[in-house]
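All remarks here apply to the structure that follows.
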Amino acid sequence: MSQNSRRAGKVLLVAAVILIVVFLLLLPPTQDLLRRYLVDPFSPHYPEEVRMEIERTVVLDANGGHITEYVIDLPVPQGIHEDGAWLQKVSDLEVSPLFSQYWDNGSYETLVWEGQDLYGELTVRVTLTATQRLHRWDLDQGTVLGRDEVPQPLLDLYLDDEWKIIVDHPDIQQLSEDIVGDEDNVFLIAQAIYGWIDDNLDYYIWSDDEPLSSLDTLDRGKGDCDDQSILFCALARAAGVPAWLQLGAVYDRSNENMGGHAWVQMFMPTEDGGTNVTIDLVNDNFLVWMPNLFCEYTDTGLPGDLYDAYHSVRVSYFGATPSVTASYEVLGYEESEEKVTLSLMALREDL
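Numbering (this note's numbering), first residue to last: 47 to 397.
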């Protein structure tokens, strides 16, 4: 056999081996093994379930003045069940002092404290146990349908302008069109808007007492969780896809601190009906509900409700301006022994 023939035979053998290896790498069992031994050891691990005892405190201080009337209303946190699984369970709710009224407007429930002639301080405490379970939605462009399949009640509630969510403005409309184009698939629309915000907005906490409007966040090019979530909602609505806010808190395991937080909820239609999903922009969680989230309020889309959720304390007064301090504290924290590994692509989709 000639030297050239031997060389050609070796080349064919190497090519065959490469093809076999590539074929094996494409098989799902092989990909699972590679992910387990090469990716997972370097990926974040999270508890599958977390149980927290949470204390929500609101302090109203007259600051030496005279508060003639006050109203404090706090939403009653509810359990959350989506995609055939529960995400949040709430139990053991206790309040101090006893509330004055219990409001139920048909979409959410509120505890109300009201009074007159306050010269000192009033401290309201709500203590509860929240059990949170990590969940990732197994959805993609193949399983999610077009925006025409979104239920009409959601279109009626979450497509128009709302407090701070400015949709009907040329800048918002044009940017949404630039990002989304003629795309109809709800998953791809959400992914495109998420990617644009992640690439173009910086995280920044402004000193404003209220969140920025979608226009202000777009103009400044940065904002915190509320600001970025509000802009996402505006861009999604401009593209014909309902999106709304959820408000609550997030627990940081590294410093044992819980602070106020906001994120996006939206509906993704599928052949078997569809489901609400979570998009946490500033924490890079796309279609992932993390077990350190605590949801206190879901935007109803009804006029005035979102404004009221951000203005839970209302006062009339003479003299010095009253102050309001609100905080969350985790009194007890327990993780499940079961851990879940989320690759970086699970936390931030490869856009």
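C-beta atoms are modelled at their ideal positions from N, C-alpha and C, and glycine is treated no differently.
- By the Cβ neighbour-count rule, serine 362 is exposed, with fewer than 16 other Cβ atoms within 10 Å of its own.
- Two segments are said to touch when three or more pairs of C-beta atoms, one from each, lie closer than 8 Å; by this definition the stretch 313-329 touches the stretch 187-194.
- One alpha carbon belongs to threonine 173, the other to threonine 346, and they sit about 24 Å apart.
- By DSSP's assignment, valine 334 forms a beta bridge with Arg182.
- Glycine 269 counts as buried, since no fewer than 16 other beta carbons sit within 10 angstroms of its beta carbon.
- For a cut-off of 8 Å, the C-beta gap from glycine 166 to phenylalanine 364 is around 15 Å, too long to register as a contact.
- In the structure shown, the three-state DSSP call for glycine 269 is strand.
- Along the stretch 143-219, the alpha helix (DSSP H) occurs as fully enclosed runs of 4 or more residues at 198-203, listed in sequence order.
- Secondary structure at threonine 263: helix, using DSSP grouped into helix, strand and coil.
- Excluding the 5 residues flanking it on each side, serine 142 has same chain C-beta neighbours closer than 6 Å at Arg171, in chain order.
- For the pair isoleucine 100 and phenylalanine 313, the CB atoms are not nearer than the 9 Å cut-off.
- The shortest C-alpha to C-alpha distance from serine 300 to any of Ala282, Ile276, Asn338 is the one to Asn338.
- Under the three-state reduction of DSSP output, alanine 280 falls in the helix class.
- Going by DSSP, tryptophan 309 is part of no alpha helix (DSSP H) but of the beta strand (DSSP E) stretching over 303-314.
- In this structure, the beta-carbon distance from valine 104 to threonine 387 does not fall below 9 Å.
- Residue range 289-298 is occupied by the beta strand (DSSP E) that includes tryptophan 290.
- When secondary structure is reduced to three states using DSSP, asparagine 329 falls in the coil class, being assigned neither helix nor strand.
- In the three-state scheme derived from DSSP, where H, G and I count as helix and E and B as strand, isoleucine 100 is classed as strand.
- A distance below 9 Å separates the beta carbons of tyrosine 116 and glutamine 162.
- Per DSSP, the beta bridge partners of histidine 91 are Thr387.
- In this structure serine 146 is exposed. Its beta-carbon is surrounded by fewer than 16 other beta-carbon atoms within 10 angstroms.
- Checking the DSSP bridge columns, you'll see threonine 371 partnered with Val105.
- The three-state reading of DSSP puts glycine 241 in helix, counting H, G and I together.
- For lysine 385, the number of other beta carbons within 10 angstroms of its own is below 16, and it is reported as exposed.
- In the DSSP annotation of this structure, the continuous segment of the alpha helix (DSSP H) that includes tyrosine 356 starts and ends at 351-356.
- In this structure, glutamine 274 places its C-beta atom within 9 Å of the C-beta atom of leucine 327.
- The beta carbons of serine 222 and alanine 285 sit about 5 Å from each other, so the pair counts as a contact at 8 Å.
- Phenylalanine 278 and isoleucine 239 do touch by the CB rule: their CB atoms are close to 6 Å apart, below 8 Å.
- Under DSSP, aspartate 230 shares a beta bridge with no residue.
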